[in-house]
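Have a look at the structure below before the remarks.
There are 2 protein chains.
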Amino acid sequence: MPKLDLDTIPQTNATGYPPEYAGAVEGRWYRRLGSASGLNEFGVSHVTLRPGAWSSQRHWHEGEDEFVVMLSGEAVLVDDEGEHVMRAGDCAAFPRGEANGHVLQNRGDADCVFVAVGRPSASDCHYPDIDMHLFEGQGFRRKDGSGFD
Amino acid sequence: MPKLDLDTIPQTNATGYPPEYAGAVEGRWYRRLGSASGLNEFGVSHVTLRPGAWSSQRHWHEGEDEFVVMLSGEAVLVDDEGEHVMRAGDCAAFPRGEANGHVLQNRGDADCVFVAVGRPSASDCHYPDIDMHLFEGQGFRRKDGSGFD
Numbered sequence: 001m002p003k004l005d006l007d008t009i010p011q012t013n014a015t016g017y018p019p020e021y022a023g024a025v026e027g028r029w030y031r032r033l034g035s036a037s038g039l040n041e042f043g044v045s046h047v048t049l050r051p052g053a054w055s056s057q058r059h060w061h062e063g064e065d066e067f068v069v070m071l072s073g074e075a076v077l078v079d080d081e082g083e084h085v086m087r088a089g090d091c092a093a094f095p096r097g098e099a100n101g102h103v104l105q106n107r108g109d110a111d112c113v114f115v116a117v118g119r120p121s122a123s124d125c126h127y128p129d130i131d132m133h134l135f136e137g138q139g140f141r142r143k144d145g146s147g148f149d
Numbered sequence: 001m002p003k004l005d006l007d008t009i010p011q012t013n014a015t016g017y018p019p020e021y022a023g024a025v026e027g028r029w030y031r032r033l034g035s036a037s038g039l040n041e042f043g044v045s046h047v048t049l050r051p052g053a054w055s056s057q058r059h060w061h062e063g064e065d066e067f068v069v070m071l072s073g074e075a076v077l078v079d080d081e082g083e084h085v086m087r088a089g090d091c092a093a094f095p096r097g098e099a100n101g102h103v104l105q106n107r108g109d110a111d112c113v114f115v116a117v118g119r120p121s122a123s124d125c126h127y128p129d130i131d132m133h134l135f136e137g138q139g140f141r142r143k144d145g146s147g148f149d
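Chains as they are written, first to last, in full-length UniProt numbering: chain L, 1 to 149; chain W, 1 to 149.
Shown next as structure tokens:
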């Protein structure tokens with residue numbers, strides 16, 4: 001049925017990041033609402049960040065738009081322009097190809113929740129703060145192209 | 001900048017519905033966040049329903065996925081399966097081609113606010129309750145194909 005029962009949708013904190021960069025997202029618990037409900041034009045993630053958790057490593061996608069709306073709690077959006085507090089109802093948009101790395105960080109002592117919209121990564125993704133790059137079709141590698149091991 | 005200042009984005013209650021069906025959405029005030037922020041893979045509308053207002057006439061799209069997340073207040077989601085109260089944090093998904101007409105109705109005495117995601121209509125859209133149909137490339141007409149006038 002169209003109204004979603006979130007409790008019936010599996011929640012995971014899985015990540016494809018290599019171990020040295022995975023700690024930041026260990027407390028990021030998400031549900032894939034789009035695929036669970038039959039949407040295939042865009043993905044929708046329902047994300048809870050535990051205290052200390054980040055939404056991702058700071059990044060920007062060459063080929064995928066992203067949109068975020070906060071539902072509860074508080075996070076800090078960090079991008080090239082500075083830090084911006086995000087609270088329930090606040091929205092942020094990240095057009096594809098705009099070279100402004102972004103991340104939401106939960107710096108408080110309570111969970112925060114947001115919904116993120118965007119297609120799965122199918123293009124290069126840039127990580128300005130760390131020695132990692134998502135190469136189209138090759139997954140995560142160091143910026144020089146060598147693998148993590 | 002990625003974080004959106006909603007107050008700077010124009011708000012409108014415009015509709016393409018013919019006058020006999022436009023009354024239901026007169027109290028639907030929305031901002032097009034996606035186009036205002038440079039997104040073009042999907043649209044994002046930030047919608048306030050005044051008391052009595054509907055999100056649309058009850059409808060379903062042949063070719064466009066839709067997703068809704070409530071931000072504040074309360075609305076009733078009406079679809080073929082019945083009525084479902086939607087409150088802050090509740091989500092609903094409407095896969096393209098699924099013949100289950102849906103609408104959010106504000107039956108309370110306070111505003112409600114939600115975000116809706118989906119591409120602009122480029123396919124036929126069905127309105128099970130009224131004598132209207134969106135014909136691909138032709139706009140709104142009566143179900144027999146005749147125009148409104």
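Ideal Cβ placement from N, Cα and C applies to all residues, glycine included. Computed from a predicted model, the values in this text were never measured in an experiment.
Closest to residue i by C-alpha separation, out of the options, would be which residue?
i              : options                        : result
G27 of chain W : W:D124, W:C112 and W:L71       : W:C112
D7 of chain W  : W:L134, W:F94 and W:V47        : W:V47
A24 of chain W : W:L33, W:F42 and W:S55         : W:S55
L39 of chain W : W:R107, W:Q11, W:P2 and W:R142 : W:P2
D90 of chain L : L:E98, L:L77, L:P51 and L:Y30  : L:L77
L49 of chain W : W:G108, W:E98 and W:S146       : W:G108
On the DSSP bridge assignment, give the partners of residue i in chain order.
i               : result
Y17 of chain W  : For Y17 of chain W, which the question treats as bridged, DSSP gives no partner whatsoever.
Q105 of chain W : W:W54 and W:V76
L83 of chain W  : Rather than Leu, the amino acid found at residue 83 of chain W in this sequence is Glu. E83 of chain W is bridged to W:V78.
A93 of chain W  : W:F67
R141 of chain L : L:H133
F114 of chain W : W:V47 and W:M70
T12 of chain L  : L:Y30
Which residues in chain L sit within 8 angstroms of residue i, going by Cβ to Cβ distance?
i              : result
G89 of chain W : L71, S72 and V113
For a contact defined as C-beta to C-beta under 8 angstroms, what are the partners of residue i on chain W?
i               : result
A92 of chain L  : P2, K3 and L4
H102 of chain L : P2
Take residue i and list the residues in its own chain whose beta-carbon comes closer than 8 angstroms to its own, dropping the five residues that flank it on each side.
i               : result
G18 of chain W  : One detail in the question is off: residue 18 of chain W reads as Pro in this sequence, not Gly. Once the five neighbours on either side are set aside, the close Cβ partners of P18 of chain W are M132, F140 and F148.
Q57 of chain W  : Y17, Y21, A24, V25, V103, Y127, D129, I130 and M132
V115 of chain W : L33, V44, S45, H46, V47, V68, V69 and L71
Q138 of chain L : none
Below 9 angstroms on C-beta distance, what does residue i contact in chain L?
i                      : result
N40 of chain W         : D65, P95 and R96
residue 160 of chain W : No information on residue 160 of chain W is available, as it lies outside the stretch 1 to 149 that chain W covers here.
Could you name the residues of the same chain whose beta carbon sits closer than 6 angstroms to that of residue i, not counting the 5 residues immediately before and after it, in chain order?
i              : result
A93 of chain W : F67
W29 of chain L : Q11, N13 and T48
Using a Cβ-Cβ cut-off of 7 angstroms (strictly less than) and excluding sequence neighbours within five positions of residue i, which residues of its own chain qualify?
i              : result
M87 of chain W : The sequence shown places Arg at residue 87 of chain W, not Met. Here the set comprises M70 and E74.
R96 of chain W : H61, E62, G63, E64 and D65
Mind pulling the chain W residues with CB within less than 7 angstroms of residue i?
i              : result
L77 of chain L : P2 and K3
E81 of chain L : M1
Strictly below 9 angstroms CB to CB, what residues from chain W border residue i?
i              : result
H84 of chain L : M1, P2 and K3
field: the region 27-38 of chain L: positions lying closer than 9 angstroms to chain W by Cβ
entry: L33, G34, A36, S37 and G38
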